[in-house]
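Note that this note's numbering has the sequence shown beginning at 8, numbered continuously upward.
The structure appears right after this line, and notes come after that.
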Amino acid sequence: MATAQRLFTERGVRATSIGQVAAAAGMTRANLYYYFSSKDELLRETLSATLRRYRQNWSTVPDGATLSELAEHMVSLRYQEVARSGPMDLRFFYLLLTDQAGEREAEMVRAEIEMVADTIRRFLRQGQRRGEVRPDLEVERIAHWLIMQLMGLDMLWLVNPQAVDLQQMAAEISAEFLDRTALPPPATRT
Numbered sequence: 008m009a010t011a012q013r014l015f016t017e018r019g020v021r022a023t024s025i026g027q028v029a030a031a032a033g034m035t036r037a038n039l040y041y042y043f044s045s046k047d048e049l050l051r052e053t054l055s056a057t058l059r060r061y062r063q064n065w066s067t068v069p070d071g072a073t074l075s076e077l078a079e080h081m082v083s084l085r086y087q088e089v090a091r092s093g094p095m096d097l098r099f100f101y102l103l104l105t106d107q108a109g110e111r112e113a114e115m116v117r118a119e120i121e122m123v124a125d126t127i128r129r130f131l132r133q134g135q136r137r138g139e140v141r142p143d144l145e146v147e148r149i150a151h152w153l154i155m156q157l158m159g160l161d162m163l164w165l166v167n168p169q170a171v172d173l174q175q176m177a178a179e180i181s182a183e184f185l186d187r188t189a190l191p192p193p194a195t196r197t
């Protein structure tokens, strides 16, 4: 599937054939068809594997994590993974939001983004109940703001990776997230 992901990303979904994937993977078309009945199935399985890797990062945030722990996890750890794995997953992910993929694949990506938003909302609401997060915070708006920040950083990095220091930018997004959401420490509240 790594070969399929690379070819889909480099050439586009429509321009990549099962034969090209098989040849690049060092197998015959028949052998590849044994595992995947069509290019669409190969695309969906490749996307599913990519999304599982991202979901694993999100699933390691323990319930009841502090706002600081959530920010660290969501932003910094995510970009450590991106920096380690390179741009391929991100390019593939964003390619599937364009007309290169079918509606089913685009819906899988949209559902993943919504899962991330749900996670952010859940942790913010938990933080409100614990008194860590501003009670007047518009949880829906801040969840979308954070996703917008992360996706914007993704795009900047994809366009010009040498010009973007992922760790520094991730730390800045994390600090801004905490600044927008966290209640000040009790000693400084008025």
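Every residue gets a Cβ at the ideal spot worked out from N, C-alpha and C, and that includes glycine.
These numbers were taken from a predicted model, which means no experiment stands behind them.
Please list, in chain order, all residues of the same chain as residue i whose beta carbon is under 8 Å from its beta carbon, the five residues on each side excluded.
{"i": "residue 39", "result": "25, 28, 29, 32, 49"}
{"i": "residue 181", "result": "78, 79, 81, 82, 83"}
{"i": "residue 135", "result": "141, 142, 144, 146"}
Below 7 Å between beta carbons: does that hold for residue i and residue j?
{"i": "residue 97", "j": "residue 161", "result": "yes"}
{"i": "residue 115", "j": "residue 16", "result": "no"}
{"i": "residue 154", "j": "residue 113", "result": "no"}
{"i": "residue 53", "j": "residue 8", "result": "yes"}
For residue i, which beta-bridge partners are listed by DSSP?
{"i": "residue 189", "result": "140"}
Here's a check: name, in chain order, each residue in its chain whose Cβ is nearer than 6 Å to the Cβ of residue i, leaving out the five neighbours to either side.
{"i": "residue 156", "result": "180"}
By a C-beta neighbour count over all protein chains shown, 10 Å radius and 16 as the cutoff for buried, is residue i buried or exposed?
{"i": "residue 166", "result": "exposed"}
{"i": "residue 35", "result": "exposed"}
{"i": "residue 41", "result": "exposed"}
{"i": "residue 93", "result": "exposed"}
{"i": "residue 169", "result": "exposed"}
{"i": "residue 210", "result": "The chain is shown from 8 up to 197; residue 210 falls before or after that span and cannot be answered."}
{"i": "residue 22", "result": "exposed"}
{"i": "residue 57", "result": "buried"}
{"i": "residue 12", "result": "buried"}
{"i": "residue 110", "result": "exposed"}
{"i": "residue 117", "result": "exposed"}
{"i": "residue 59", "result": "exposed"}
{"i": "residue 85", "result": "buried"}
If I measure Cβ to Cβ from residue i and keep anything under 7 Å in the same chain, skipping five residues before and after, which residues do I get?
{"i": "residue 149", "result": "131, 187, 188"}
{"i": "residue 75", "result": "185"}
{"i": "residue 138", "result": "190"}
{"i": "residue 120", "result": "154"}
Completely contained alpha helix (DSSP H) runs for the segment 72 to 149, where each covers 4 or more residues: Counting whole runs of 4 or more residues, the segment 72 to 149 contains the alpha helix (DSSP H) stretches 74 to 78, 85 to 92, 95 to 102, 110 to 137.
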